[in-house]
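Just so we're aligned, residue 103 is where the sequence shown starts under our numbering, counting upward by one.
A quick write-up on the structure given underneath.
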Amino acid sequence: MGLILSLNNFSISFQNSLPEVSGDYKFNYPLSRIAWFKVGGPAEVMFIPKDKQDLICFLKNIKKIQDEIFVVGACSNLLIRDGGLRGVVIKLGNNFKSIKYEEDHLFVGAGALDIVVSRFAASKGIGGLEFLSGIPGTIGGSIIMNAGAYGREISDILVSVEAVDNYGRIHNIDSNDISFSYRSSQIDNNLILLGACLKGYKEDHLVIKNQLNEIQKLRNDTQPIKRKTGGSTFKNPKDSKYKAWELIDLSGCRGMKKGGAVVSDQHCNFLINTGNASAFELEKLGDEIRSKVFCSTGVNLDWEIKRVGQLLEVSR
Ligand SMILES: Cc1cc2nc3c(=O)[nH]c(=O)nc-3n(C[C@H](O)[C@H](O)[C@H](O)COP(=O)(O)OP(=O)(O)OC[C@H]3O[C@@H](n4cnc5c(N)ncnc54)[C@H](O)[C@@H]3O)c2cc1C
């Protein structure tokens, strides 16, 4: 009881110490509302900056808690644990979603959705961004994850990024100065991406349209995209001739369950929240899959989904 009271007091004094902003603060905001998995505890504080200046002002004035600022995009690659996130979770609002273009270059806000950017490019006859149409994240999250599909990754089309650090200083970084690898980037944790320049190429509208249709059909046929999921749970291992889903299938994990969490029958590298799963059950199921795959095949699967927040053992 004493501990709970002092934690609450800490929370209240932390909330009272936040700088004045023009955007919105939400306290104890349930992150399950915005997470693709529809699970996860609250953000102690959710900050939705009005615009770039507001975000800079916040960063310059907040008491330094570097470890306790976390940025989310569309939460499509996050398993937010049931204990939620301490500190401030930043979600970029509408003024970070702009899209402009000049010839075959696009200048996009980090909060813009990949699919919106891909469709915008298509409408201007700019090709090379079709693969983004099937990825349900934002540009910011996709750069951090080096998201990709069908043989292309966002690093292939990235020219530069604009970012702000925890002290409110702006950085413009050439993509050649960022190290990217499969589903990962070496971008400093203390940077919040604000926008990016992407490069496509002039392409016939019909060719782009056909590619977009093909991607949509492939997704519908092979992935449970209408379910509560986090996409591919594990990375395809570098040192195996099998993909992650094949190893999971070979190890007998298709259809495995833990409470309300289940391994998708349609694509067994996808975990599904069937309705009332907890983040703990989803994570536990993922860990059990890793052990089974390791026992059967000797391959150690690496999580592609990022698990964040405080672990709480919630079973339903
Ligand atoms: C149905 C489904 C299908 C998917 N298919 C694919 C696929 O084909 N290919 C693929 O690569 N991925 C896929 N994913 C995973 C996911 O969509 C991608 O990883 C996506 O790029 C994540 O973007 P996000 O905005 O949701 O990021 P989030 O999940 O919100 O965050 C991911 C990481 O990025 C960081 N981040 C987000 N925004 C910013 C920012 N502005 N500045 C700094 N850091 C930031 C977060 O802190 C976190 O570390 C799929 C997911 C689902 C649910």
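Yeah, the Cβ is synthetic: ideal placement off N, Cα and C, and Gly gets one too.
Everything numeric in this text was worked out from a predicted model, so none of it was measured.
Three or more C-beta pairs below 8 Å linking the stretch 171–190 and the stretch 136–156: Cβ pair count under 8 Å is three or more, so yes.
Straight-line Cα distance separating PRO339 from LYS360: Here residue 360 is taken as the residue at index 258 of the sequence shown, counted from 1. Here residue 339 is taken as the residue at index 237 of the sequence shown, counted from 1. Going from the Cα of LYS360 to the Cα of PRO339 covers about 24 Å.
Span separating the alpha-carbon of ILE106 from that of SER113: For the purposes of this step, residue 106 is taken as the residue at position 4 of the sequence shown. For the purposes of this step, residue 113 is taken as the residue at position 11 of the sequence shown. Residue confidence is low: ILE106 scores 49 on pLDDT, short of 50, so the model does not pin down where it sits. No coordinate-derived value is stated.
Other residues of its chain near VAL190: CB distance less than 7 Å, five sequence neighbours each side excluded: Locating residue 190 in the sequence shown gives position 88, counting from the first residue. Closer than 7 Å at the Cβ level, and outside the excluded window around VAL190, lie VAL147, PHE149, GLU170 and ILE171.
Ligand 3 heavy atom lying under 7 Å from the CB of MET247: What this structure holds is ligand 1, not ligand 3.
CA nearest to the CA of LYS231, picked from LEU300, ILE275 and ILE164: The residue you call residue 231 lines up with position 129 of the sequence shown. Before going on, a small fix: residue 231 reads as Leu here, not Lys. With distances taken between Cα atoms, LEU231 lies closest to LEU300.
Reference GLU122; option with closest CA among TYR303, LEU157 and LYS199: As a working note, residue 122 is residue 20 in the sequence shown. Residue LEU157 is the option with its Cα nearest to GLU122.
Sequence-distant residues of the same chain with beta carbon closer than 6 Å to ILE164, five excluded per side: In the sequence shown, the residue the question calls residue 164 occupies position 62. Here the set comprises PRO121.
Length of the line joining the Cα atoms of ASN292 and ILE217: The sequence position of residue 292 within the sequence shown is 190, counting from 1. The sequence position of residue 217 within the sequence shown is 115, counting from 1. Roughly 27 Å separates the two Cα atoms.
ASN274, enclosing beta strand (DSSP E) - first and last residue: Walking along the sequence shown from the start, residue 274 turns up at place 172. It spans 272–276 - the beta strand (DSSP E) in which ASN274 sits, taken as one unbroken run.
Backbone CA spacing between GLY104 and GLU383 [nearest angstrom]: For the purposes of this step, residue 104 is identified with residue 2 of the sequence shown, where counting begins at 1. For the purposes of this step, residue 383 is identified with residue 281 of the sequence shown, where counting begins at 1. Residue placement at GLY104 cannot be trusted, given a pLDDT of 47 that sits under 50; the coordinates are not used to answer.
Straight-line gap, ASP367 to PHE116 (C-alpha atoms, nearest Å): Here the question's residue 367 lines up with position 265 in the sequence shown. Here the question's residue 116 lines up with position 14 in the sequence shown. Cα to Cα, ASP367 sits roughly 45 Å from PHE116.
PHE160 versus GLY332, PHE198 and GLY270, residue with shortest Cα-Cα distance: Counted from its first residue, the sequence shown places residue 160 at position 58. Ranking GLY332, PHE198 and GLY270 by Cα distance to PHE160 puts GLY270 first.
For PHE336, three-class secondary structure by DSSP: Taking the first residue of the sequence shown as position 1, residue 336 is located at position 234. If DSSP states are grouped into helix, strand and coil, PHE336 belongs with the strands.
8 Å Cβ cutoff met for LEU208 and ILE192: Along the sequence shown, read from residue 1 onward, the residue named residue 208 stands at position 106. Along the sequence shown, read from residue 1 onward, the residue named residue 192 stands at position 90. No, Cβ-Cβ distance for LEU208 and ILE192 is not below 8 Å.
Extent of the continuous alpha helix (DSSP H) to which ASP323 belongs: As a position in the sequence shown, residue 323 is number 221, starting the count at 1. Annotation for ASP323: the continuous alpha helix (DSSP H) segment containing it runs 307–324.
Cβ pair VAL266, ILE275 closer than 8 Å: One-based indexing of the sequence shown puts residue 266 at position 164. One-based indexing of the sequence shown puts residue 275 at position 173. Result no, Cβ atoms of VAL266 and ILE275 do not sit closer than 8 Å.
Spatial neighbours of ASP153 in its chain, beta-carbon cut-off 6 Å, leaving aside the 5 residues before and after: One-based indexing of the sequence shown puts residue 153 at position 51. ASN197.
Burial state of ARG135 (16 or more Cβ within 10 Å): Numbered from 1 along the sequence shown, position 33 holds the residue referred to as residue 135. Label assigned to ARG135: exposed.
ASP267 in three-state terms, based on DSSP: Stepping through the sequence shown from its first residue, residue 267 is reached at position 165. Three-state result, ASP267: strand.
Cutoff 7 Å; reference ASP126; Cβ partners in own chain excluding five residues on either side: For this step, residue 126 is matched to residue 24 along the sequence shown. Taken in chain order, the residues that qualify are ILE150.
Contact set for THR324: own chain, Cβ-Cβ below 8 Å, skip 5 residues either direction: To locate residue 324, count along the sequence shown from 1; it is residue 222. Cβ neighbours of THR324 beyond the five flanking positions: GLN368 and HIS369.
Where GLU170 falls: helix, strand or coil (DSSP): Here residue 170 is taken as the residue at index 68 of the sequence shown, counted from 1. The answer is helix: DSSP assigns GLU170 an H, G or I state.
Closest by C-alpha distance to LYS386, when choosing among ARG356, CYS397, SER417 and ASP404: Here the question's residue 386 lines up with position 284 in the sequence shown. When only C-alpha atoms are compared, the closest one is SER417.
N-terminal and C-terminal residue of the alpha helix (DSSP H) that PHE382 is part of: As a working mapping, residue 382 is identified with position 280 in the sequence shown. Where PHE382 is concerned, the enclosing alpha helix (DSSP H) stretches over 381–399.
Per-residue burial, LEU133 [other beta carbons within 10 Å of its own, 16 or more giving buried]: One-based indexing of the sequence shown puts residue 133 at position 31. With 16 or more other Cβ atoms within 10 Å, it is buried.
Simplified DSSP state of CYS159, which is helix, strand or coil: Numbered from 1 along the sequence shown, position 57 holds the residue referred to as residue 159. It is helical.
Proximity of ILE294 and THR331 at Cβ, strictly below 8 Å: Residue numbering aside, residue 294 sits at position 192 when the sequence shown is read from its first letter. Residue numbering aside, residue 331 sits at position 229 when the sequence shown is read from its first letter. Not in contact: ILE294 and THR331 (Cβ atoms no closer than 8 Å).
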